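To keep things clear, I will list the structure first and then write my remarks on it.
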Amino acid sequence: MKRALSLAAATVTLAAVAITYAVTATADPSAAGVELDTSRPGQLLFLDAAGRVAAVPADDPGAARTVGDLHCRRFHSSGGTAVCLVAEVRGGLPGTSALILDSGLRETNRLNLAGIPSRARVSPSGRMVAWTVFVTGETYNATGFSTWTGILDTRTGYPIVNIETIPLYLDRRRHHAADVNVWGVTFAADDNRFYATVSTQGRTYLVEGDYRKWEARSLRADVECPSLSPDGRRLVFKKRVSSSADGAWRLHVLDLATMRETPLAETVSVDDQVQWLSDELVAYAKPGAAGGSDIWAVPADGSGSPRLLISSASSPSGFEVTRQPVGATT
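Residues -27 to -1, 1 to 303 (mature numbering (1 follows the signal peptide of the UniProt record, and there is no 0)) make up the sequence shown, in order.
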């Protein structure tokens, strides 16, 4: 059987929690987030230092922020749908609730999962939602970490809690292994094609998945936490360039037609799934003061230099990717 059976008894119990997920719904108009007008275009949404969903104008991210009362560990939004990952403890074990939200940040579905929140992503249309949780370990730098990644089709309401059993082809050969991990899903505009990271036998791979056919194939090695550009032609990802904790990853952009990769001007290690703000600009969280994080931006062609967008913040996203200029703070 798979890796979970080789873990300690507590982790096996944790697995049972993940499998017995629940989907619920609420139409409470007083749900969290009512302070935010997410229907207004040209906003950047993010989590503040307290984990609350907040918004600033995309063309003036240094302006006063509007803060809601919804708290998340990870957050992402697109196409009128948002996902909020909430860390919980159930029976002494870590758990995650994946809250599926509408454009007013009102809860429409909830999935109770195992593990610690790690990644969250919504497709451009808002139909498909993905999440990743750590079921062992709390960082991608940890040895022996294990992730479970799920996908929810909001139109059908059907969730796949752990996608690591998807038929996988590495170098065109069907791959079977007990150590497969999948994380960092990003969706194409057709709500069928998706990209993700797969690790197995000590290596990481970028894979392209087909949701309807339910299969995935490798495209290249050494790609982690991909994020697809609005034009669907490029992926920004983190590439491991060092085995040390400092400087472990460097952001790169991959041209999917030529498979040419370009290092970005950010040289500090970034452990995040990057958000495209436009076809030319990407945003990401990196360590800030007092153990927190700030949101920075950098051009997607390797030029320029990083610039601070929003201090004391993480999980940048927006219900519609803006194509207007994005300002910067100093």
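Each residue gets a CB set at the ideal place from its N, CA and C atoms; glycine is no exception.
These numbers come from a predicted model, not from an experiment.
In the DSSP secondary-structure assignment, Met101 is bridged to Asp126. Between Val180 and the set Asn154, Ser202 and Asp204, the nearest pair of CA atoms involves Asn154. Val209: member of the beta strand (DSSP E) spanning Arg207 to Arg213, first to last residue. When the alpha-carbon of Val209 is set against those of Glu188, Met232 and Ala221, the nearest one is in Met232. The beta strand (DSSP E) runs lying completely inside the stretch 72 to 99 and spanning 3 residues or more are 80 to 87 and 89 to 95, given in chain order. In this structure, Thr170 lies near Trp156, with their beta-carbon atoms less than 8 Å apart. Within 10 angstroms of the beta-carbon of Val26 lie 16 or more other beta-carbons, which makes it buried. When Gly291, Ala71 and Leu282 are compared, the shortest CA-CA separation from Ala37 is found for Leu282.
Taking a contact as a CB-CB distance under 8 Å, the pair Thr120 and Val106 counts as one, their CB atoms being some 7 Å apart. Its chain contains Phe19, Leu20, Asp21, Ala22, Ala27, Ala258, Ser266, Asp267 and Ile268 as the residues whose beta carbon lies nearer than 8 Å to that of Ala286, once the 5 sequence neighbours on both sides are disregarded; these appear in chain order.
For the 8 Å CB-CB criterion, Ala71 and Leu141 do not form a contact. Shown here for Leu125: same chain residues with a beta carbon closer than 6 Å to its own, the five before and five after excluded, namely Val102 and Pro132 in chain order. The residue from Arg145, Ile73 and Asp152 with its alpha-carbon nearest to that of Thr138 is Asp152.
For the pair Tyr184 and Ala194, the CB atoms are not nearer than the 8 Å cut-off.
With the rule of 3 Cβ pairs closer than 8 Å, the stretch 46 to 53 counts as touching the stretch 87 to 96. Contact between Gln246 and Arg94 holds: their C-beta atoms lie close to 7 Å from each other, under 8 Å.
A check of alpha carbon separations from Asp228 across Gly261, Leu201, Gly175 and Ala256 identifies Leu201 as the nearest.
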